[in-house]
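Scroll down for the structure; my scribbles are underneath it.
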Amino acid sequence: MSLFSRALVRFQPSLLGGLTVRGTQASTRTIARSLVGLCSNRRPQRELPSSTLCSCGCGIHGIHTRGDRELVEFLQEEIVAEKKSMSSGLPSHLDDFSVKGRDAELTLTKNFHDEQITITLNVNHTVDTEGPVEGTQEPDLRSRPSFEVDIKIGSKVMSFTCSYVNPGEALAEDQGQNEDVFGINELTMYEGEWDEETYCVSGDILDGMMYDLLMNMLEERGVSNEFAEKLSSLCSDYEHSLYVNLLQNVQDFVERE
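Throughout the sequence shown, residue numbering follows UniProt numbering, covering 1 to 257 in sequence.
See below:
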């Protein structure tokens, strides 16, 4: 309390001229409080806007910047546009392989006589572009992931690492011939679990006849050129659904939902 305020409180009764008025003490307190408030050096705190809703009036929850708001507005339009070309969902089967997805990884399995065949792949960083789709100006986005084909009998596994052949490269190598859609990058054999010490051979140094016979072996088990094309379409749809989901998660994150 300032000296001026204290003096007023001390001499307030004398200013009333000695009159005895009920409530004088209470009135004196009230006046003193008002004067203290006026004489105080503290500034009244400005009322802050609620943090549950943006103060700019855009209706977006949470405190954010102009850039955040523009990002959310873009994502809202992008998600609507992307959902128009989204597939209905991950199918349970592709040919006679059962299909399961977990995040970016897909696993396809089937039984063939006494063998268990497993195809595993990851769709991250697998999208490339083809020429524009007929009637449009935009290129077609395709997912062509490398994939592992494991043929298991008991505890022994024969494992192939395969990848898609670039359509342009295949055409340039030999026009007019029926080129393979995919090729064998690596071949290995192991028992139990694979580890870093397991020997692997590159498909590039395999004997040409052996390479063709291994490709025939895969085809007889359902991993053919036709199957590879279907697998690429499946991966493209699945990767697209993950992309749309990522956009939605980014929007929710920026909106603080």
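Ideal Cβ positions, reconstructed from N, Cα and C, are used throughout, including at glycine.
1) Go through the region 184-218 residue by residue and report every complete run of the beta strand (DSSP E) that reaches 3 residues or more, in order.
2) Do you know how far the Cα of Thr129 is from the Cα of Met158?
3) Return helix, strand or coil for Pro49, following the three-state DSSP convention.
4) Lys230 lies in the alpha helix (DSSP H); which residues open and close that run?
5) Taking just the CA atoms, how far does Val181 sit from Leu71?
6) May I ask which residues mark the beginning and end of the beta strand (DSSP E) holding Val157?
7) Short check: CB of Leu247 to CB of Leu90, under 8 Å?
8) Taking Tyr164 and Ile184 to be in contact with their CB atoms under 8 Å, please state how far apart those CB atoms are, rounded to whole angstroms.
9) Could you tell me if Leu213 is buried or exposed, where buried requires 16 or more neighbouring beta carbons within 10 angstroms of its beta carbon?
10) Determine, using beta-carbon pairs with one atom in the region 235-247 and one in the region 76-83, whether at least three such pairs fall under 8 Å.
11) How long is the line joining the alpha carbons of Asp252 and His113, rounded to whole angstroms?
According to the data block:
1) Qualifying beta strand (DSSP E) stretches, in chain order: 200-202.
2) Looking at the backbone, the Cα of Met158 and that of Thr129 are separated by about 33 Å.
3) Reliability of the predicted coordinates at Pro49 is poor, the pLDDT of 46 falling under 50, and the value obtained from them is presented with this limitation in mind. Shown here, Pro49 sits in coil according to DSSP, grouped into three states, outside any helix or strand.
4) Unbroken alpha helix (DSSP H) run through Lys230: 225-254.
5) If you take the alpha carbons of Leu71 and Val181, they lie about 39 Å apart.
6) For Val157, the enclosing beta strand (DSSP E) has its first and last residue at 156-164.
7) Contact: no.
8) In fact, because the Cβ distance is near 12 Å, the residues do not count as touching under 8 Å.
9) By the neighbour-count rule (16 or more Cβ atoms within 10 Å), Leu213 is not buried but exposed.
10) Three or more pairs of CB atoms, one per stretch, sit closer than 8 Å, so the region 235-247 contacts the region 76-83.
11) If I take the Cα positions, the gap works out to 48 Å.
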